[in-house]
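Chemist: Can you read through this structure? Questions will come right after.
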Amino acid sequence: MLDDFQEKQRQQGTRMRSVMDYTMGIVFFFLGLFFILYRQFGIRIMAREPSNLDYFIGGLFVVYGSWRFYRGYKKNYYR
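Residue numbers (the working numbering): 1 to 79.
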């Protein structure tokens, strides 16, 4: 009986972490795309042209967002 309860709690925790990873993955992915593409949108941040650092940070955000999304898909938290 106690084992069933603990397994149910673990499944709920896994589900919540997975949803959080999906959400954060999408947020970081689109934030990275924004950093990479904001010049094409006609948006000027701090009245300057985008630098290489903006593109680098955008690329990192895209990679990190993809990794978070993948981690939510795999659900490999307690192994």
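For each residue, glycine too, the CB sits at the ideal point set by N, CA and C. If you're wondering where the values come from, they're calculated on a predicted model, not measured in any experiment.
1. Leaving out the 5 sequence neighbours to the left and right, which residues in its chain are closer than 8 Å to residue 65 when beta-carbon positions are compared?
2. Does the separation of the CB atoms of residue 21 and residue 58 fall below 8 Å?
3. Could you spell out where the alpha helix (DSSP H) holding residue 24 opens and where it closes?
4. Measuring only the C-alpha atoms, how far is residue 69 from residue 60?
5. Distance, Cα to Cα, residue 40 vs residue 7?
6. Kindly identify the DSSP beta-bridge partner or partners of residue 45.
Modeler: This is what the structure holds:
1. Position 65 of the sequence shown, counted from the start, is the residue given in the question as residue 65. Cβ within range, chain order: 24, 25, 26, 27, 28, 29, 30, 31 and 32.
2. By 1-based counting over the sequence shown, the position of residue 21 is 21. By 1-based counting over the sequence shown, the position of residue 58 is 58. Taking 8 Å as the Cβ cut-off, residue 21 and residue 58 do not qualify as a contacting pair.
3. Within the sequence shown, the letter at position 24 stands for residue 24. Segment 2 to 37, the alpha helix (DSSP H) holding residue 24.
4. As a first step, residue 69 must be located in the sequence shown, where it is residue number 69. As a first step, residue 60 must be located in the sequence shown, where it is residue number 60. Going from the Cα of residue 69 to the Cα of residue 60 covers about 14 Å.
5. If you number the sequence shown from 1, residue 40 lands on position 40. If you number the sequence shown from 1, residue 7 lands on position 7. Approximately 49 Å, taken between the alpha carbons.
6. Numbered from 1 along the sequence shown, position 45 holds the residue referred to as residue 45. According to DSSP, residue 45 bridges with 48.
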